[in-house]
Amino acid sequence: MLPVSSEGRVLLLLGCDPAVPDVRYWFTIGGAADDGESLAVAGVRELREETGIAVDPSALGEPFGTFEVGFSWNGRAYVNDSTLFAVALEETPVSFDGLDHLESQSIFEARWWTPEELDDDGRAADPRLIDHMRAAIAHVRGGVQ
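Going by full-length UniProt numbering, the first residue of the sequence shown is number 1, and it counts up by one from there.
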């Protein structure tokens, strides 16, 4: 889930793998779909749980991309098929009140970034994140970057 502001900034989370707490990186909002849950509903639920921001699933429209990513989480290796949704939002304050215990120990900050700012920062969780941000911005702007 990539929330995009009218200024072309994308909301990301700063966190770590609990097994490697000293290595922090920026990543997108998201998680697994529950049984019987559509990907759009899962994305909206994860947005609410991880940021306190509530949107209607109909605000998402169609996904703008998919990709496979391998990663380690809490000492276990995963391969995830990710579906990317974008939603237009104004920059609003974030609340971490909906995080579960493990998430609260591994998510530290939320910030609205331009792709250029994140590229300069150098702490993207995945090298493709900058391109995903640009695609999300274009998607909410109707294909115009």
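The C-beta atom is built at its ideal place from N, Cα and C for all residues, glycine as well.
Cβ shell of residue i (< 6 Å), same chain only, five flanking positions each side left out
i	result
residue 74	18 and 19
residue 48	54
N-terminal and C-terminal residue of the alpha helix (DSSP H) that residue i is part of
i	result
residue 3	Residue 3 -> not in any alpha helix (DSSP H); beta strand (DSSP E) instead, spanning 2 to 4.
residue 40	39 to 51
residue 89	Looking at the DSSP string, residue 89 is not in any alpha helix (DSSP H), and its letter there is neither H nor E.
residue 102	101 to 104
Terminal residues of the beta strand (DSSP E) in which residue i lies
i	result
residue 115	That residue, residue 115, is in no beta strand (DSSP E); its alpha helix (DSSP H) goes 115 to 121.
residue 141	Where residue 141 is concerned, there is no enclosing beta strand (DSSP E), given that its DSSP letter is neither H nor E.
residue 169	The structure shown does not extend to residue 169, since the chain is modelled only from 1 through 145, so no value can be given for it.
residue 27	20 to 27
Whole-angstrom distance between residue j and residue i, CA atom to CA atom
i	j	result
residue 120	residue 14	15 Å
residue 31	residue 110	16 Å
residue 141	residue 131	15 Å
residue 105	residue 7	31 Å
residue 51	residue 108	11 Å
residue 90	residue 26	20 Å
residue 139	residue 63	9 Å
residue 114	residue 82	21 Å
residue 54	residue 92	11 Å
residue 57	residue 37	12 Å
Cutoff 7 Å; reference residue i; Cβ partners in own chain excluding five residues on either side
i	result
residue 76	none
residue 79	68 and 70
Rounded Cβ spacing between residue i and residue j (contact assumed at less than 8 Å)
i	j	result
residue 21	residue 10	Residue 21 to residue 10, Cβ: 25 Å. No contact.
residue 118	residue 129	7 Å
residue 43	residue 85	5 Å
Beta-carbon proximity list for residue i, same chain, < 8 Å, skipping 5 on both sides
i	result
residue 39	33, 63, 83 and 85
residue 24	14, 15, 16, 108 and 123
Below-7 Å beta-carbon distance, residue i vs any chain C residue
i	result
residue 82	Annotation note: the requested chain C is absent from the structure, which comprises a single protein chain.
Problem set entry | Length at least 3, wholly inside the segment 48 to 85: the beta strand (DSSP E) runs in chain order | 65 to 73 and 76 to 84
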